[in-house]
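Reading through the structure tokens given below for one structure.
Protein chains: 2
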Amino acid sequence: MSDWRRTHYSSVITPDLDQKQVTVFGWVEDIRDLGGLTFLSLRDMKGTVQITIPKKRVSNEVLDKVGKLGRQFSIGVRGKVQAKKEAPRGVEIFPEEIRILGSASYPLPMDPTGRVPADIDVRLNARILDLRREECRSIFNIKNTVIGEVDNFLRQRGFIEVHTPKIIATATEGGASLFPVEYFENKAYLAQSPELYKEALTSVFEKVYEIGLYFRAEESRTTRHLSEFISVDVEEAFADISDVMKLQEELAVRVIDQVRLLCEKELKTLAVELRTPILPMRRYTYDQILKELDEVGQKIVWGEDIPTIAYRELGNLHKGEFYFITDWPTKVRPFYIKPKPDRPELCDAFDFMDEWIEVTSGGTRVDSKDVYVARLKEQGLDPTKFKFYLDNFDCGLPPHAGFGMGLDRFLMGLLNRENIKEVVLFPRDRFRLVP
Amino acid sequence: MSDWRRTHYSSVITPDLDQKQVTVFGWVEDIRDLGGLTFLSLRDMKGTVQITIPKKRVSNEVLDKVGKLGRQFSIGVRGKVQAKKEAPRGVEIFPEEIRILGSASYPLPMDPTGRVPADIDVRLNARILDLRREECRSIFNIKNTVIGEVDNFLRQRGFIEVHTPKIIATATEGGASLFPVEYFENKAYLAQSPELYKEALTSVFEKVYEIGLYFRAEESRTTRHLSEFISVDVEEAFADISDVMKLQEELAVRVIDQVRLLCEKELKTLAVELRTPILPMRRYTYDQILKELDEVGQKIVWGEDIPTIAYRELGNLHKGEFYFITDWPTKVRPFYIKPKPDRPELCDAFDFMDEWIEVTSGGTRVDSKDVYVARLKEQGLDPTKFKFYLDNFDCGLPPHAGFGMGLDRFLMGLLNRENIKEVVLFPRDRFRLVP
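Top to bottom, those sequences are chains A and B. According to our numbering, the first sequence is numbered sequentially starting from -11. According to our numbering, the second sequence is numbered sequentially starting from -11.
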């Protein structure tokens, strides 16, 4: 590349540049040979621009290169801008030199124009071509914005970004669904969450967050579970469930507002109209939810978790709604959630819901060593394996609360995608490890 | 916490608030009983404030609480602000109510005031107490700033943040130092880098970055290797080594400038004076470096990698300097680095150095399928296992370049720490998996 530098992205080539020389790079989106005239649509990360090749008026070298081109080739074009009403965006480029930078072989494993619909497995097998579809690029541009805005929001609120270990000696979310790792001479596991570490860190930094990848060996094949997922983990000292629920809803609203502002084009491509949630979002207790479900014929025994089929029903009852479910039975929640002092069969846990999708789980954490040990035992876990965390109770551990927000799930709900794989670049499940 | 809310952080309690009621939360940093008067230093995430307890003028309840307090307890204090010249920062709080939120047991596993020096293993075993030392908090506040500024810089330059899989089927950096994972019925590995994924993604998004954790089973016990480390990975389409070296040096300067601006207090605590690198930073070829080393009696056979002892020597020769080493022998560099067309025994790789520390490796990537296959074979790797990446050569893969920057190493150099564990919250090596 050393003697060629990009001078412009496609999107900034406008009629104002008439007669200027430019160098552009990108991919051949389309190529139409009309006899004396060839139109080439060049796509780069910012958009597309038309390259117009009048056969009689370009050099033989250019003509020769054009003859070799095909869709999805990556190329460089140096040429002159021409303002022209009939061209897309009123502008085209007359090429003086074309370089083929990366060729393609046909047939391509899938059609990246999106004209031929392909099922999700075909698409994931040829993921790079799939991602070139405008729909996919829109999803991941929005995801980039969402992550950036989550980050901005939490930093502005005084949270410190931390990185906790992903290779751990002890399950943080109970023993199920762990991936074992051969760690030198020892057996270790992949972290299911940063739970114990982020909680311990409130004891130093008070307000911490981590946006990271976590791992769960989910056996079931569903549209909302993956083996690897992005979690936004937040934990705050001297705070309780009401503080972090407020933080969660304000975070969601801020991100939605920013996506609306910054991703207008992408939302249009995806035909998504974002909702405007009103604060505070509705809080329903577990008991209220059970009653609602009972009224539509979904009976759940008190104290049981809510099954997928009932969540689907909740999605119908709460169409378009973000809401919280609180006051869960203690026994269906993790050991680190604090039981209510006056009614210990209930606990200070919440789920943040988008229609039928559980986006976030959080709550107030256990603030007594004795209760913690008892809760571990109740859930069949060995307290000696949690020594690292238990020691914190002897070093001025502050009361704290927090949550883990499934970023991919949030995006899935926001953009109305039916399968979480749509919003993950290279998803992992039991049956998919490549690419 | 529900009936108590923090009204102020320590740092905003100033003489201006004289006679105002405040509620503060934090840790007992120090407690001095002078008979009729007890002074308590309360630390929170923003600093410290003095709580003054004149025994005769406070309630019995407060007195009773104070009697139970010890160092490192987490507490809440509600009381009245008093402007007073003799107090630190001219201000103190008279407590009306004190709540013990988290107690401590003595002796503590280490002294968090830093008065008694402890070795790194003692410190890491009691990491939460260790992190409460002002030195540690300064390091991680700076790390938080560094990560935020890396993020800002790359986003402002138009890079898109991506998340690539950490559980992978194929080694990305050659077969050595991989951690195996039991992935359902299959064997998988932890990613050593996002190399192949980020390179492939340039074929869609052109400019991508990822700040993530990667895993290498480093056998050796050194002061600059860990099993888990943060890498800032950057990859750019239609770019070559010179573009990404420029990006790297501009990134470094920007981050240093911002740390100087935003972390004045922390730098003072650490007694670190940041350098002001001048752009462009010096570029040395591998041959020039060998000559330099030869002159100080360090003989390296041409074509060999540079051993640690020689890097230490380079640290002496390049005191205080950030610099690049370029034009490496192809055979000591990974298969994805592009050999120079005119001299294929050399390649377009660079290392970005801070004195003796290799912070970053990068370069121009191979842009021909045939060369790629040949390079894989040369390094004893099986091309069929790289099908995912090789397929990209048939789909318009653009020429591209990039780098992976060891964030922990960068910080270690910036803050003059002799051991990389100093700058990682919960470091992992062969012998350390807890906490």
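No residue lacks a Cβ here, since even glycine has one placed at the ideal position from N, Cα and C. Here the structure is a predicted model, which means the values were calculated and not measured.
Residue(s) in a DSSP beta bridge with residue i
| i | result |
| --- | --- |
| Y202 of chain B | B:F217 |
| G78 of chain B | According to DSSP, G78 of chain B bridges with nothing at all. |
| F61 of chain B | The partner list for F61 of chain B (beta bridge, DSSP) is empty, contrary to what the question assumes. |
| G90 of chain A | A:S62 |
| K43 of chain A | K43 of chain A is not bridged to any residue. |
| N174 of chain A | A:Y171 |
| T273 of chain A | A:T314 |
| F13 of chain A | A:G64 |
| D32 of chain A | A:G35 |
| V69 of chain B | B:I81 |
| H388 of chain A | A:A225 |
| T348 of chain B | B:F340, B:M393 |
| T26 of chain A | A:D21, A:I41 |
Of the residues the options, the one placed nearest residue i, counting alpha carbons only
| i | options | result |
| --- | --- | --- |
| W290 of chain B | B:T296, B:I297, B:E301, B:L278 | B:L278 |
| F167 of chain B | A:E161, A:N174, A:A164 | A:N174 |
| G14 of chain B | B:R66, B:P371, B:A227 | B:R66 |
| E462 of chain A | A:L403, A:F414, A:H388, A:I408 | Examination of residue 462 of chain A is not possible in this model, given that chain A is present from -11 through 423 alone. |
| V192 of chain B | A:L117, A:F226, A:A205 | A:L117 |
| P295 of chain B | B:R248, B:L334, B:E346 | B:E346 |
| L255 of chain B | B:P182, B:T101, B:R405 | B:R405 |
| R270 of chain A | A:L250, A:E237, A:K287 | A:E237 |
| E149 of chain B | B:A75, B:T2, B:V196, B:D355 | B:V196 |
| I156 of chain B | B:R418, B:E223, B:P100, B:Y185 | B:Y185 |
| D231 of chain A | A:D342, A:E292, A:R353, A:Q246 | A:R353 |
| M341 of chain B | B:K365, B:E333, B:E301, B:K319 | B:E301 |
| V241 of chain B | B:P415, B:L402, B:I199 | B:L402 |
| A75 of chain B | B:D99, B:G55, B:T211, B:Q38 | B:Q38 |
| W344 of chain B | B:G308, B:D358, B:K326 | B:G308 |
| K357 of chain A | A:L334, A:G351, A:I325 | A:I325 |
| L214 of chain B | B:T(-5), B:Y(-3), B:D417, B:I1 | B:D417 |
Closer than 9 Å at the beta carbon, the chain B residues around residue i
| i | result |
| --- | --- |
| M33 of chain A | G146, I148, V192, F193, E194, K195, A225 |
| S(-2) of chain A | Per Cβ cutoff of 9 Å: no residues; S(-2) of chain A is ~11 Å from chain B at best. |
Neighbouring residues, chain B, relative to residue i (Cβ below 7 Å)
| i | result |
| --- | --- |
| T152 of chain A | L413, F414 |
| D382 of chain A | A92, S93 |
| I116 of chain A | A188, S191, V192, N380, C383 |
| Y185 of chain A | F414 |
| N132 of chain A | I148, E149 |
| F376 of chain A | V422, P423 |
Closer than 8 Å at the beta carbon, the chain A residues around residue i
| i | result |
| --- | --- |
| E216 of chain B | P153, K154, I155 |
| R125 of chain B | V192, F193 |
Chain A residues whose Cβ lies nearer than 7 Å to that of residue i
| i | result |
| --- | --- |
| W15 of chain B | G384 |
| Q60 of chain B | C383, G384 |
Burial state of residue i (16 or more Cβ within 10 Å)
| i | result |
| --- | --- |
| L7 of chain A | A small correction: the amino acid at residue 7 of chain A is Gln; Leu does not occupy that position in the sequence shown. The residue is exposed, with fewer than 16 neighbouring Cβ atoms inside 10 Å. |
| D398 of chain B | It should be noted that the sequence gives Phe, not Asp, for residue 398 of chain B. By the neighbour-count rule (16 or more Cβ atoms within 10 Å), F398 of chain B is buried. |
| T264 of chain A | exposed |
| S47 of chain A | exposed |
| I266 of chain A | exposed |
| Y94 of chain B | exposed |
| R209 of chain A | exposed |
| N380 of chain B | buried |
| V284 of chain A | exposed |
| R482 of chain A | Past the boundaries of the shown model lies residue 482 of chain A; chain A is included only from -11 to 423, so the question cannot be answered. |
| G200 of chain B | buried |
| V110 of chain A | exposed |
| S181 of chain A | buried |
Expected contact under 8 Å - CB spacing of residue i and residue j to nearest Å
| i | j | result |
| --- | --- | --- |
| Y311 of chain A | Y272 of chain A | 6 Å |
| L5 of chain B | V69 of chain B | 4 Å |
| G78 of chain A | D221 of chain A | Between D221 of chain A and G78 of chain A the Cβ distance is about 48 Å, and since that is not below 8 Å, they are no contact. |
| L28 of chain B | I19 of chain B | 5 Å |
| G394 of chain A | S126 of chain A | 21 Å between Cβ atoms; not a contact. |
| F128 of chain B | L413 of chain B | 7 Å |
Residues that residue i contacts on chain A, provided the C-beta gap is smaller than 9 Å
| i | result |
| --- | --- |
| Y171 of chain B | F167, A205, S215, R416, R418, L421 |
| I135 of chain B | E149, H151 |
| P371 of chain B | What P371 of chain B touches in chain A: nothing, since even the nearest Cβ is about 15 Å away. |
Neighbouring residues, chain B, relative to residue i (Cβ below 8 Å)
| i | result |
| --- | --- |
| R331 of chain A | Within 8 Å Cβ-Cβ: nothing; R331 of chain A doesn't reach chain B, min ~15 Å. |
| A176 of chain A | L421 |
| R143 of chain A | G136 |
Interface residues of chain C facing residue i [CB-CB closer than 8 Å]
| i | result |
| --- | --- |
| D(-9) of chain A | The displayed structure is made up of protein chains A and B, and chain C is not among them. |
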